[in-house]
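Report on the structure given below.
Below you can see the structure in the form of structure tokens.
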């Protein structure tokens, strides 16, 4: 088999994995109650001999099952069990009139007539900066589409529990496939998603405990 054929097979495998992840993402949205219209229960959409998939979450040493019938609190706990980072601050996505976009730390005094001096003074230099914590309500608003928030994975002690690998060059498909293959060979579960722009991708790795950030980056 030639090199081009081998790369094509790897790309096809990656695209198939992307399709699987998109389907899984849709299923998780249903589990989290995020469908714009009332969703059909997974148990109702499957033949009687099959059982609806369940998500098992480990929290404080105890196992519990999350389904579409679970409480809002349990669904938020599912999200937080995967996406872990700083809880004293979070970022909010913004879009400018010129089409630019980005993320900035959420501040209680943002655009306050008295305290906020943007754009003359940067947020990092503002004496009235009052960062907001990452609460369950913030996560719920994110999951229901009221706003888009970002997580700060790096903790104050230079540890983290989640790793996002960014692929955004012209060769991002080949690079992502090679990275996923390496993860597979090393027995490391990894999930690939396409970036918001569609011109790149991210590979997510979730650790079962806190790890030093520096070795995680080098990985």
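In the numbering used here, the protein residues as written are 845 to 1063. Glycine residues also receive a C-beta, built at the ideal position from the N, C-alpha and C atoms.
Annotation for residue 987: the continuous alpha helix (DSSP H) segment containing it runs 980 to 987. Between residue 978 and residue 952, the gap from beta carbon to beta carbon reaches 7 Å or more.
Spatial neighbours of residue 950 in its own chain (CB-CB distance under 6 Å, excluding positions within 5 residues in sequence) are listed in chain order as 934, 936 and 976. The way I'd put it, the region 951 to 968 doesn't touch the region 994 to 1003; fewer than three beta-carbon pairs between them come closer than 8 Å. Here the region 1008 to 1018 makes no contact with the region 937 to 949; the two share fewer than three CB pairs at distances below 8 Å. In this structure, DSSP gives residue 945 an extended state, which the three-state scheme calls strand. For residue 1052, the uninterrupted beta strand (DSSP E) run begins and ends at 1045 to 1056, by DSSP. In the three-state DSSP reduction, residue 999 falls in the coil class, being neither helix nor strand.
Between residue 1057 and residue 987, the gap from beta carbon to beta carbon reaches 7 Å or more.
Residue 1036 places its beta carbon less than 7 Å from that of residue 1020. Residue burial is scored here from C-beta neighbours: residue 910 has at least 16 other C-beta atoms within 10 angstroms and is therefore classed as buried.
In this structure, DSSP gives residue 1006 an extended state, which the three-state scheme calls strand.
For the pair residue 962 and residue 974, the Cα-to-Cα distance works out to about 14 Å. Annotated as proximal: residue 1007 and residue 1060, with beta-carbon spacing under 7 Å. For the 7 Å CB-CB criterion, residue 996 and residue 929 form a contact.
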